[in-house]
Amino acid sequence: MLTKEQYKQVFRQRLLALAGTGLDEASTYEKYAALASLVRDHIGQHWVDTTRRYDVEKQKQVYYFSIEFLPGRLLDSNLRSLGLRDLWIDVLAELGIDYQELADAEHDASLGNGGLGRLASCFLESMASLGLPGHGCGIRYTYGLFEQSIINDMQIEKPDTWLKDLNIWEYRKPNKAVEVRFGAPLGVVKAVPYDIPLIGYENSTVNTLRLWSAEVQDTSGLSYSSLAPDDYRKLLEYKNWVESISQILYPDDRYEEGRILRLVQEYFLVSAGLQSIVRHIRRKQGTDLSTLADRVAVHINDTHPALAIPELMRILLDEEGMGWDEAWRITTRTISYTNHTVLPEALEKWPVSEVQSLLPRIYEIIHEINERFCAELWQHYPGEWGRIAAMAVIADGFVKMAHLAVAGSYSVNGVAALHSSILQKDLLHLFYQHTPGKFNNKTNGITHRRWLLGANPGLADLITDTLGPGWLHQPAMLKNLQAHAEDAAFQEKVAAIKTERKQQLARLINETYHVALDCRSIFDVHIKRIHAYKRQLLNVLRIMELYNRLRDNPNLDVLPRTFLFAGKAAPGYYLAKKIIQLINVLARKVNADKTIKDKIKIVFLENYGVTLAERIIPAADVSEQISTAGKEASGTSNMKFMLNGAITVGTLDGANVEIREAVGEDNIIIFGLTAGEAAECYRTGRCNPLPIYQQDERVRQCVNQLIDGSLPVIGDEFKPLYDYLLQPSGHFLELQDFAAYVEAQQTIDQLFRDERQRWKMAITNIAQAGRFSSDYTVKEYADGIWHIRPSYFRG
Ligand SMILES: *Cc1c(COP(=O)(O)O)cnc(C)c1O
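Each position in the sequence shown, counted from 1, maps to that position plus 29 in the working numbering.
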């Protein structure tokens, strides 16, 4: 163990080596990089040891394939996991450096759009913290999700240049590169892995997130001087094309554009990932792949990596020389699949012609999979042409990726109880009838270490003081807080922590947006991707309704509220961008209105991502989870909010259903149509919003205000939203749920007047949030799907 003086020396030396500069001259980023690089030193040996242990013990390992990962910043969580955080805060302080400032210099790795990528990162953290042999496999996008700013009320997208400075956490492994083959004329692409260590919390386990980057094959055989000018141009064009593969993350959440480059990315990911797994197995455990399924589990996060099925078949058939039946037996015992959505526009399908020309061999295999699958169905359902056509992997000129994923895997799961039951009863019900044993539920989870310990250290300290530190490894222990839910002194401490976080956020908002917030007001928060089904528009309508009442009567007896929004819209999603504009326009009007006595304020925070979420969620009093019932597969921010003591206002959708079970109906505000009622509404066509518009004066007033000049915009900016809300179908039942939503908010207003009641609810939410830790989710995957065990028992 070094002394503090020695640590200071070590820091100076690293800074000098890395940046060629002394303390006085170094930039904040350089100081951050020096610290991060020292943290890296501590990881190396654990990483090597973990990898060796898995190999020596011949542990079955799981590879989690995902087109997106959303890890957030890593310095703070890595320091905590290694138990070095307090030490370094001290050492830096003695050097006159503010640790937090360094931590804030890290670029937020945003290689994902939202929930799906964040889930993958929570799972990786939990697997490492449980000592489970589990790794991530993804793409190293040069540009992550675009950076959002708001100009003239509207979203502007800028490239996310997260790699412009040295990325300390990644290790380029050129000797582990593999070749990915596309059909002519694209040819061979080199896939180079960049490994990022995944550090378990206080357990010395270090797993691997392997991200692949596309590069041109070695061109040293070609001498530039010998190339004709046209060849040189072609060479550069080819290089550009290859590098475009891992250049950008598609900025769509739950929407598939069907762009050919996306298909290229998907194959690039699975081919590189599977080849490297197979190579590793052969090197460490011998060349016989007949027992592959006992040695690795490959999980596909949604259908984006579903080409793993034909790609593994290709490797086994063409490279291993196996027969079809054996290869199929192995493949369908190796791959498992999670479905994330029932929205039709999000279900992937690729035109046969495109798959065929881009990936001829893979298409042949998919074709054969389909032939055999349909033949098998014919055995079970002779003569039922309709049923077989509806289940086919290839139909109507498209490859249906969800069908491929179900046919080629041994486990299919949804991500919350309601979602899994909708899969079984509706979206995939023919598949469920055929192979019910494949289907199961794994309700999503979040890592309480990032979302409580990291994001809300004040609350974490209070919990540890109250319960001891056991909850960090066993989050179910949070339940013991229930005994303190009505304890006035404990309530006051929780309330003080909430106030402090609200003040911090208010400071940030005042500095950035010059809006002064009242920290005694209710912080009512709606942060997530902007999407019609998530119904930010419903939230806006009820704010307009409240505003109208306040305009009529400035002395109206309502508790002051601060409405916070954040979220990105896909650049091509017109309606979602209009919603962002509407929020900002309304905010301008309301925030400037002196007549309503500062009773309400609205702020849209730019550039939502993991780091911003970590700042906002601990400051939230109310969590808005108001998707149309049946449409949000699970949601995970709902869990982050409850863990931080916010009260959910939500529909009976996704994991909200399970949150209600956990906290009891007195500790959550549920409103609106159920999934069954919403489905019925759509099915019978009885979802015309016009009668509601005609009968409910409040609705009519708010909807009309979108177009009647009430809002400070020139022209018909919000006519598209007006039309959307009133169209007979195709909307998300905003008006159907309006009255119930307004009433739910009045319930919140009443409940928050009784401080004792309100903090009892908040503490109950924290106490019951343990079950939503991804530690438990991952354990269920490990036991029920992957059949892997921890290789290392702590203690
Ligand atoms: C948790 C999280 C999400 C998912 O939020 P939902 O409200 O469940 O859709 C999306 N983006 C980020 C940055 C997150 O941290």
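Where is the CB? At the ideal position from N, CA and C, for every residue including glycine. Here the structure is a predicted model, which means the values were calculated and not measured.
Residue i Cβ short of 6 Å to ligand 1 heavy atom set
i	result
K639	Looking at the sequence itself, residue 639 is Val, so the reference to Lys does not match. Under cutoff, so the answer is yes.
A858	It is not possible to answer for residue 858, since the shown part of the chain is limited to 30 through 824.
R147	yes
T665	yes
G143	yes
K471	no
K557	yes
Cβ separation of residue i and residue j, assumed to be a contact under 8 Å, to the nearest whole Å
i	j	result
I228	A157	6 Å
L496	L488	Incorrect: roughly 12 Å between the Cβ atoms, too far for contact.
I594	I556	It is Phe, not Ile, that sits at residue 594 in the sequence shown. With 8 Å as the limit, F594 and I556 qualify as a contact, their Cβ atoms being about 7 Å apart.
G443	I398	Not a contact, Cβ separation roughly 23 Å.
A598	I559	4 Å
Y805	G474	6 Å
I168	W241	6 Å
L579	I625	4 Å
V639	L104	Actually they do not touch by this definition, with Cβ atoms about 13 Å apart.
M430	K378	6 Å
N330	S95	4 Å
N236	H164	5 Å
L346	A356	5 Å
S803	C151	4 Å
P749	N717	P749 to N717, Cβ: 19 Å. No contact.
Minimum Cβ-Cβ distance from residue i to chain C less than 7 Å
i	result
A149	Of the protein chains in this structure there is only one, and it is not chain C.
Where the beta strand (DSSP E) containing residue i begins and where it ends
i	result
E244	235-244
D189	183-189
H555	551-556
E176	173-180
T591	590-595
Q654	651-654
V678	676-679
H328	325-330
S365	364-367
Y92	90-94
A220	217-228
Residue nearest to residue i in terms of C-alpha spacing, selected from the options
i	options	result
W76	G160, L641, D115, A63	G160
P203	A337, A301, V732	A301
K508	A791, L192, L457	A791
A684	V85, L447, W191	L447
Y602	N368, E54, L47, E374	E374
D695	L780, Q532, I721	L780
G701	W270, A773, R689, H502	A773
G705	S450, V807, Q724	S450
I609	A769, E635, M342	E635
T316	G350, H432, I699, L264	G350
P741	N794, W788, V614	V614
G679	V619, V771, P757	V771
F519	S155, V217, M183, A796	A796
F460	W500, R416, V428, D425	R416
Q184	A675, A768, L604, S803	L604
M668	D455, T57, E86, T472	T472
Q511	D725, R479, Q38, W788	W788
P389	D354, R312, Y296	Y296
P819	H136, R288, P162	P162
D783	T657, A517, E285	A517
Q654	N577, Q408, L566	L566
A445	P380, Q177, I688	I688
L145	G674, Q786, S666	S666
Terminal residues of the alpha helix (DSSP H) in which residue i lies
i	result
I289	289-314
N794	784-796
D752	748-755
N442	Note, N442: premise wrong, no alpha helix (DSSP H); beta strand (DSSP E) at 440-443.
Y542	517-542
I394	389-409
K669	666-672
P486	486-496
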